[in-house]
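In my numbering, the protein residues as written are 23 to 103.
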């Protein structure tokens, strides 16, 4: 199985976020609480494909989103790199 590209991972994470009943501020706060270093505007730019985040920051964001989805009882998951 071929590995996904960074852009495919970003797009998949953004798609999961777009289907979640979650405000950007909620996602960013969860991300920041887990040690994320990007600001809220950077996270928004990443979700819309306007900027990149490194692998670690992507994984922290995916983890924050997945925890929020768990809290809402969703089985959907954002991909890690």
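Glycine included, every Cβ here is placed at the ideal spot set by N, Cα and C.
Asked: Using only the alpha-carbon positions, how far apart do residue 50 and residue 44 sit?; Found: 10 Å
Asked: Is residue 59 buried or exposed, if buried means 16 or more other CB atoms sit within 10 Å of its CB?; Found: exposed
Asked: Residues in the same chain with beta-carbon distance under 6 Å from residue 77, minus the five sequence neighbours each way, listed in chain order, please.; Found: 103
Asked: With distances taken between CB atoms, is the gap from residue 56 to residue 38 smaller than 8 Å?; Found: no
Asked: Could you spell out where the alpha helix (DSSP H) holding residue 92 opens and where it closes?; Found: 77-93
Asked: Hey, how far is the Cα of residue 42 from the Cα of residue 91?; Found: 7 Å
Asked: Taking a contact to mean a Cβ-Cβ separation below 8 Å, would you say residue 71 touches residue 32 in this structure?; Found: yes
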